[in-house]
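Single-structure report; data block below.
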Amino acid sequence: MVINIALGIVLAFIIISFLPLILLVAAFAIPAILVIGFIYFMFVSFGALPGILSIIAIFWFFSNLKS
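In this note's numbering, the protein residues as written are 9 to 75.
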């Protein structure tokens with residue numbers, strides 16, 4: 009019983025200490041999933057050309073965002 013409580017406390021501290029990292033990964037992963045989903049949707053719905061154009065548009069947007 010005491011061991012379980014101690015393990016729970018240790019686990020909570022580990023999770024809390026890694027929380028910013030987890031949030032950072034989620035902040036990058038969610039837009040990435042949305043972008044990949046959008047590109048896939050463009051390819052499936054409209055064919056190759058709009059799919060390629062959407063990839064170029066996304067790259068252009070992100071390159072402008074950084075500068």
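All C-beta atoms, glycine included, are put in the ideal place defined by N, C-alpha and C.
Item	Value
I need the straight-line Cα distance from Ser39 to Val10, nearest angstrom please.	Note on residue identity: the sequence assigns Pro, not Ser, to residue 39. Near 42 Å, if we compare the C-alpha coordinates of Val10 and Pro39.
With C-beta atoms as the reference, is Phe46 less than 9 Å away from Ile66?	yes
Grouping DSSP H, G and I as helix and E and B as strand, with all else coil, what is Gly55?	coil
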